[in-house]
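Participant:
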Amino acid sequence: MKAGSNSRRLFGITRSKGKMYEFGLDESQHLRVPEGSDPLQLFVMTIATLGDVTGVLAELPHPLTPLPPESQAELNFCASFFDAVLDSGFAQGLERTTLLLASAAYYVARRPGSSLVLARRIDYRAKGNKVEHFLQWLLKADWSTYWPLDDVRYGSLLTSISLSVITHFAEGTQLQHIESLLKILRSEVYKMGSAEELLYADVAISVCRMRLAASVWSTLPHYSGLSADYWRPVIQRGRFPKELWPSQLLLGASGIYRGASGLIQMPTSAGKTRSIELVLRSAFMSGRTRLAVVVAPFRALCHEIALSLRQDLAGDDIKVNELTDALQIDFVEQIAELLGSAPPSTSNVLVLTPEKFLYVLRQSPQVFKHVGLVVYDEGHQFDTGWRGITYELLLTEIKGLLSDTSQTLLISAVMQNPQAIASWLMGADKAQVIDGATLLPTSRSVAFASWTESLGQLMFHENGYDREDYFVPRIIKEAQLSGLKADSATFPTRAKSSDVSLYLGLRVAGKGSVAIFCGTKLIANGIAKRAVQIAEAGYNTIWPAAYADPEEVSALKTTIEGNFGSNALLFKAAELGIYTHHSNTPQGIRLALEHGMQQGLINFIACTSTLAQGVNLPIRYLIVQGVNQGAGLVKVRDFQNLIGRAGRAGMHTEGVVIFADSTVWDRRTSWQESWKFQNAVELLSPDRAEGVTSSLLLLLKPFALSRTQEWRFSGEYLLDLIDNEAEWERWAQHVANTVPRLIKKKKDELEKTLLRSLAERKKMTHTLESYLMANCATISTTAFEQRAGELARDTLAYSLASAEEAGKLEEYFRLVARRIESVESSPVKQAFFGKTLLGAKQTKRIETWSDEHRDMLLTLDSVDAWLTAVWPLLAELCDSRFFRNVEPVDAGFQLALLWMSGTSYGEIFREAVQMQVKKKAGKLKRKVSDDDIIQFLESSLAFDCSLILAALAQFLFTPEDLIGDPGASLAHFQKSLKYGLPDTLSMSAFEAGFADRFISQAIRDALLQKGYGGSSFNEAWKIHLSAIEQVIKATPAYFKYVLSSY
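For the sequence shown, this note's numbering begins at 3 and goes up steadily by one.
(1) Does the separation of the CB atoms of I477 and F25 fall below 7 angstroms?
(2) Classify V830 as buried or exposed, calling it buried when 16 or more other Cβ atoms lie within 10 Å of its own Cβ.
(3) Taking DSSP as the reference, what is the three-state secondary structure of C609?
(4) For the region 48-135, list the alpha helix (DSSP H) runs that are entirely contained and at least 4 residues long, ordered along the chain.
(5) Quick check on R670: does DSSP put it in helix, strand or coil?
(6) Put R476 into one of helix, strand or coil per three-state DSSP.
(7) Can you give me the C-alpha to C-alpha distance between E538 and K487, rounded to a whole angstrom?
(8) What did DSSP end up calling D489 once you bin it into helix, strand or coil?
(9) Tell me whether M858 is buried or exposed, calling it buried when 16 or more other Cβ atoms sit within 10 Å of its Cβ.
(10) What does the alpha-carbon distance come out to for the pair Y1118 and P114?
(11) Below 7 angstroms between beta carbons: does that hold for L483 and F493?
(12) Taking DSSP as the reference, what is the three-state secondary structure of Q1032?
(13) Are the CB atoms of A517 and I580 nearer to each other than 7 angstroms?
(14) Taking the alpha-carbon of S988 as reference, which of Q976, I1001, L979 has the nearest alpha-carbon?
(15) Which runs of the alpha helix (DSSP H) spanning at least 4 residues fall entirely within the region 906-958, listed in chain order?
(16) State yes or no: is the C-beta of T444 within less than 7 angstroms of the C-beta of A651?
(17) For V626, which residues of its own chain have a beta-carbon under 6 angstroms away from its beta-carbon, when the five flanking residues on both sides are left out?
(18) How far does the alpha helix (DSSP H) with V865 in it reach, from first residue to last?
(19) Is the number of C-beta pairs between the region 279-289 and the region 250-265 that are closer than 8 angstroms three or more?
(20) From the DSSP secondary-structure annotation, give me the bridge partner or partners of G458.
(21) Going by alpha carbons, who is nearest to N586 out of S18, N131, K1042, A302?
(22) With which residues is G652 paired in a DSSP beta bridge?
(23) How would you label R758, buried or exposed, when you count the other beta carbons within 10 angstroms and need 16 or more for buried?
(24) How long is the line joining the alpha carbons of W139 and L201, rounded to whole angstroms?
(25) Would you list the one or two residues that DSSP bridges to H583?
(26) The alpha helix (DSSP H) spanning G14 covers which residue range?
(27) Quick check: A547 and L578, are their CB atoms within less than 7 angstroms of each other?
(28) Is the beta carbon of A734 closer than 7 angstroms to that of E718?
(29) Using the C-alpha atoms, what's the distance from S226 back to D468?
(30) Short check: CB of G836 to CB of A776, under 7 angstroms?
(31) Could you pull the start and end residues of the alpha helix (DSSP H) that E470 belongs to?
(32) Across the region 848-867 and the region 364-379, are there enough close Cβ pairs to call them in contact, namely three or more that are closer than 8 angstroms?
(33) Check whether the Cβ atoms of T161 and L177 lie closer than 7 angstroms to each other.
(34) When DSSP labels each residue in this structure, what does F450 get in the three-state scheme?
(35) So, at 6 angstroms on beta carbons, what are the nonlocal neighbours of G995 in its own chain, with the 5 sequence-adjacent residues on each side left out?
(36) Taking the straight line between their C-alpha atoms, what separation do you get for L721 and V448?
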C-alpha cells in the first residue's frame, strides 16, 4: 500500500487528535473529525501492508537484506500510523492489538529501539491466541524469561521454538533447528490458522529470523574474524547486547571490527557508544593492539565515554584511563606501563581531550609507539576556532606517527564532504565513509508556533514544508499576573519567543523530558529567571518538579545551594524543577543534570549549544527559542546534531521539535521576513549540512563587514596586527568606518565582532606556532621555513583549499616560522618551547621571567604565595579582559584567592558586590555579572592561566622534579587554580569523579572527621567507605553512580 493523499489526510487527522491529547487540550476544544472521514479506514490497509512485507521477509534467505525504498517507506508509515492510533484514542478496545502491531512494524522497519519502547507496554496474558503471545515474547526480547505457549492445534511447536531461541541467545547454537521449526510453524498456520494467526505468524517469523540474523553469536564472529569461543565469555554477560542494531551491523559489514579504518557518520542515539566498545574489544581480542586512544573535544563528553566504557568493560583485563585535563605531568604514574619500550602487558584505553592528548604527546612522545587504534569522536569540530585548530593539528601530527597497520576511526555528525576528510586523515587507500545518516532510530515531528488570533496554535509538518500536515489549535493562552510591571504582567508575552518556549515546555513537561534551546546563556538564564518570576506571581501550573524524582530534585537543590546559596536564581528555579545547562554551568552540576536527564530523574532544562556537543542528553521535546547561536545563525550540521537528541532510541518512539517564535510561521509569506521560515527549513534539512572546513582556512579568511563587504589582509599584516594589541581598537574603528551608512549601534556591534575575531585569530596563530616549534626541528632559518611549508601541505586545510588559499596558507606557515626564528633561533629551544602549547613570544617571555625570578620562586610553599608571585605574569600574558578592564585593580587577584580557597560561587559573587567590582565598557563602567565572574574563574584562571603555569613549570623543573618533591608546591598551586580547591584531598576526590567543588570538599570534611590524615581519595575509599557513602547519599544520582563504579 502506497500512502496516497487521502491516506496522508487520514493520518494527519489521527496525528492531530493524538497531539491534542498530548498537549493537554480539553476535549471540548478538540477539532472534530471531518464528516465522512474515518481514520480507522487506514487500519486494515496498514495491517495488509505489514502482512505483505513480513510475508516476503519470512521466506527471504537473508532477512536483513535492505528493503526496497518504497517498501521501507510503507513500513515506516505503518509504524507511525499504529503509533498515532494509540495516541489518538480512536482504537477503543483495540489498544493491545495496536500496541503489538506498532511494536512489530517498528522492528521490521529496522527501528528496534522504538519497537522495544512499545513492547514494554504490553502485559502478558495467559489466555488467548498463542501465536500472538509468541510474537509478544519475541518483541520483548527478554531471553531470560519463558512463556508457556503450548496450544491445542500447534501442540508444543511454539514452546519448542521459544526454548530453542533462548538456548541460542545463551549458547549460540540451534540456528538451523530454529529455521526448520519456523518453516513448520508457517506451514501449520497456513493450513489451520485463522486470518489473525496467519498475520501474527508471518510477523513473528520475520521478527524471529531478523533477531537471529542480527544475533551477536552470528554477527560478531563473522565481522571480527574471531571465533564464537573468543566472544563467548563476553556475550554471556548479562549487560552485553544479544543482537546488533542496524548501525552496528553497518560497521561490521564495512570491516570496522576487523581493523579497517573509516569515517563514520551516525545519527544520535544510533548505538555509537556500544559500537566503540565493540571496536575496542575486537582490537584487543585479536591482538592487533594493547593500546587504544579515544579523543573527544569536550571534557564532559570524555567523562561520559570513560564512565560508559569502564562500566561496559568491567570484569575484563582492560584498563580505562580518563586523564585529567590539567596540563601537568600528572599522567606519568597513571600510565607508567605505556611509557616503556615494550608493549603494555594489559589492554589500555586512554580517553582524553585534544589539548591533553597534545600535551601528553609533546611531553612523552614514547607513549604513542604502542597505539594501534585511535577513535576521534565529534570529528566535525575542525572549524570551531582555535580549539578546532588544536584538534586538526593534533590529527595532523598523529597521522604521521601511526603505523600502517593502525586503525583510525573518525565519528562525526552529518557533513557534506566526508570523503575528503577521510582521504586526508587515512589516505586514499584506506579511506572509506560509513554513512549511517539514514538510519534514524526514531521518528521526529516538527511544529511551528502560530499566534495570529487570541489563542496560539501549533502547525505540524511531517511531509515537507510547503504546507502543514495538521495542526493543534487553541493551546497557547495568555494569563495576566498581578504584582508585576506592565511589560512582565502577561504570560506568555506573544512577542517573546522565550516566554512561548517556557509556556510550551510547561505544557508538555508531564509527557516527557523538555529541553529549550537558546542562542545564548543569557537567554537560558533568562528563561529560568522568568519561571521564578511567574511562580512568585502565582502563575497557575504544575511545575516540572512534580513530574521529576523527588529525591533527585532535593539532591540537586542541595548541591546548587552549596555552590550558589539559597537566594540564587538557579536554586529558586531548581525548586520548580527547571535547570540551565550551558558553558558557565559548573562541571559537577552539569554532569549531575546530564545524568538526571539520561535516567529520567529530571525533565526540564534550558540550554545552549552544549546540548549538541555529543553528550547523551535524551529528550522528548526540543523547543527552539531561536535559531541564532551567539551572534550568528547556528550551523545546519550542529542543528541536526541538536535535534538528534529529540526522541532517544529505546526511550521514545518519536521526538518533537517546536519552533517557538510565532513570527517564523506567521510571516513566512512576507517578503521582508520570509527568510526566517526559509532558515528554519534549511536547518531541518540534513542534505543542507555544511561541509567541514578548517579553522586554519578561516584564520586567513577576510573579515566580514556586511553581506556584501569584507576586509582583506595579507598574512604579514595580520601578524603585525596581532603583535600590536594597543592598536586593536583603533584598527576596529577604522575598518568599521569603511562600511557606508552604518548607524552608531551597528557600528559599535561590528567593532566588537572585529575585535573578537582578531582575538580568536591571535589564539589560532599561537597554537600554530606551538605546532611548528614542536615539529620543525632544523638547523637553519631557511630550513625551518621550508619545513613549515611542508607541514602546511600535511594539514586538512591544505587538502581542502583552493589553489589561491593553499598558496596563502603555505605562505602564512612560512611567515609564522620566520616570526618564531626572530623570537628564538635555537632549534633545541624551539622544540622545548613546543611542549608548552603556547606561542613563541609568550613562551620566550615566560622563560625570561622565570630566569629573573627563579630563586624567589623556588622558595614558595603556599598557593597564596605562588599566586602573589605569578600574578603580574598572568596579567601580562592572559588574554582575559578581566585582568585589565576591571576595577578595583586587585579585584581579579582577590577573586582568585577566594576561588583557590574553595569559597562557593555564591560567596564569591557576594564578595564581588561588596568590593564594587566594575568592568569598563567603552567610556562607561558596569557592574560585573555573575557570568563574567564564572567565565573568569572557570575559563581564564582554570584554563588560560593553567597553560601559562604549565609552561612556567617546564622552565623551573625537570619532568622528574615536577612529579617529585621539588615541584610539589607548584603542582599543588596549578591544581588549586585549575579546580578552585584548597587541598590535595578535595582535589583527589574531584579527580576521582566527584567533580563538584561543594561535594569534593564535603567528602574531605567527612574524612577528616573520621581521623583520616592522608591525601588520596582512593586510599580513603578503602578505609572510610561508610563516611563517603554518607556524604554521597544526599547528592544527585550521578555521584552515586560514580561511587558505585569503584
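Ideal Cβ placement from N, Cα and C applies to all residues, glycine included.
Just so we're clear, the structure is a prediction, and the values are computed from it rather than from any experiment.
Facilitator: Let me lay it out:
(1) Residue numbering aside, residue 477 sits at position 475 when the sequence shown is read from its first letter. Residue numbering aside, residue 25 sits at position 23 when the sequence shown is read from its first letter. Yes; because the gap between Cβ atoms is below 7 angstroms, this pair is in contact.
(2) Position 828 of the sequence shown holds residue 830. Classification of V830: exposed, given that the 10 Å Cβ count is below 16.
(3) For this step, residue 609 is matched to residue 607 along the sequence shown. Strand.
(4) 71-90, 97-110, 114-121
(5) Mapped onto the sequence shown, residue 670 falls at position 668. DSSP places R670 in coil when its eight states are reduced to three.
(6) Counting from one through the sequence shown, the residue named residue 476 turns up at place 474. It is a strand residue.
(7) As a first step, residue 538 is located in the sequence shown; it is residue number 536 there, counting from the start. As a first step, residue 487 is located in the sequence shown; it is residue number 485 there, counting from the start. Each residue's alpha carbon lies about 13 angstroms from the other.
(8) Here residue 489 refers to the residue found at position 487 of the sequence shown. Of the three classes helix, strand and coil, the one that applies to D489 here is coil, per DSSP.
(9) Residue 858 sits at position 856 when you count from the first residue of the sequence shown. With fewer than 16 other Cβ atoms within 10 Å, it is exposed.
(10) The chain is shown only over 3 to 1048; residue 1118 falls outside these bounds and no answer can be derived.
(11) By 1-based counting over the sequence shown, the position of residue 483 is 481. By 1-based counting over the sequence shown, the position of residue 493 is 491. Result yes, Cβ atoms of L483 and F493 sit closer than 7 angstroms.
(12) Against the sequence shown, residue 1032 aligns to sequence position 1030. Note: Q1032 maps to helix in three-state DSSP.
(13) Your numbering for residue 517 matches position 515 in the sequence shown. Your numbering for residue 580 matches position 578 in the sequence shown. Cβ atoms of A517 and I580: not closer than 7 angstroms.
(14) Looking up residue 988 in the sequence shown gives position 986. Answer by Cα proximity: I1001.
(15) 907-916, 932-937, 947-958
(16) Start at 1 with the first residue of the sequence shown, and residue 444 comes out as number 442. Start at 1 with the first residue of the sequence shown, and residue 651 comes out as number 649. In this structure, A651 lies closer than 7 angstroms to T444 by Cβ.
(17) Against the sequence shown, residue 626 aligns to sequence position 624. For V626, where only same-chain residues beyond five positions count, the Cβ hits under 6 angstroms are F519, F661.
(18) Along the sequence shown, read from residue 1 onward, the residue named residue 865 stands at position 863. Where V865 is concerned, the enclosing alpha helix (DSSP H) stretches over 865-879.
(19) yes
(20) In the sequence shown, counting from the first residue as 1, residue 458 sits at position 456. Answer is I478, bridged to G458.
(21) For the purposes of this step, residue 586 is identified with residue 584 of the sequence shown, where counting begins at 1. Answer by Cα proximity: A302.
(22) Indexing the sequence shown from 1 puts residue 652 at position 650. In the DSSP output, where bridge partners are listed per residue, G652 has none listed.
(23) Mapped onto the sequence shown, residue 758 falls at position 756. R758 should be labelled exposed.
(24) Taking the first residue of the sequence shown as position 1, residue 139 is located at position 137. Taking the first residue of the sequence shown as position 1, residue 201 is located at position 199. For W139 and L201, the distance between alpha carbons rounds to 16 angstroms.
(25) Residue numbering aside, residue 583 sits at position 581 when the sequence shown is read from its first letter. BP columns for H583 point to C609.
(26) Taking the sequence shown and counting its residues from 1, one reaches residue 14 at position 12. Run containing G14: 7-24, per the alpha helix (DSSP H) assignment.
(27) For this step, residue 547 is matched to residue 545 along the sequence shown. For this step, residue 578 is matched to residue 576 along the sequence shown. Yes, these two residues count as a Cβ contact at 7 angstroms.
(28) As a working mapping, residue 718 is identified with position 716 in the sequence shown. As a working mapping, residue 734 is identified with position 732 in the sequence shown. No, Cβ-Cβ distance for E718 and A734 is not below 7 angstroms.
(29) Residue numbering aside, residue 468 sits at position 466 when the sequence shown is read from its first letter. Residue numbering aside, residue 226 sits at position 224 when the sequence shown is read from its first letter. When rounded, the distance between both Cα atoms is 47 angstroms.
(30) Your numbering for residue 836 matches position 834 in the sequence shown. Your numbering for residue 776 matches position 774 in the sequence shown. Result yes, Cβ atoms of G836 and A776 sit closer than 7 angstroms.
(31) In the sequence shown, the residue the question calls residue 470 occupies position 468. Where E470 is concerned, there is no enclosing alpha helix (DSSP H), given that its DSSP letter is neither H nor E.
(32) no
(33) Here the question's residue 161 lines up with position 159 in the sequence shown. Here the question's residue 177 lines up with position 175 in the sequence shown. Result no, Cβ atoms of T161 and L177 do not sit closer than 7 angstroms.
(34) On the sequence shown, position 448 is the one that residue 450 refers to. In this structure, F450 counts as strand in the three-state DSSP scheme.
(35) On the sequence shown, position 993 is the one that residue 995 refers to. Excluding sequence neighbours, G995 sits near V1044.
(36) Stepping through the sequence shown from its first residue, residue 721 is reached at position 719. Stepping through the sequence shown from its first residue, residue 448 is reached at position 446. Cα to Cα, the separation comes out at about 47 angstroms.
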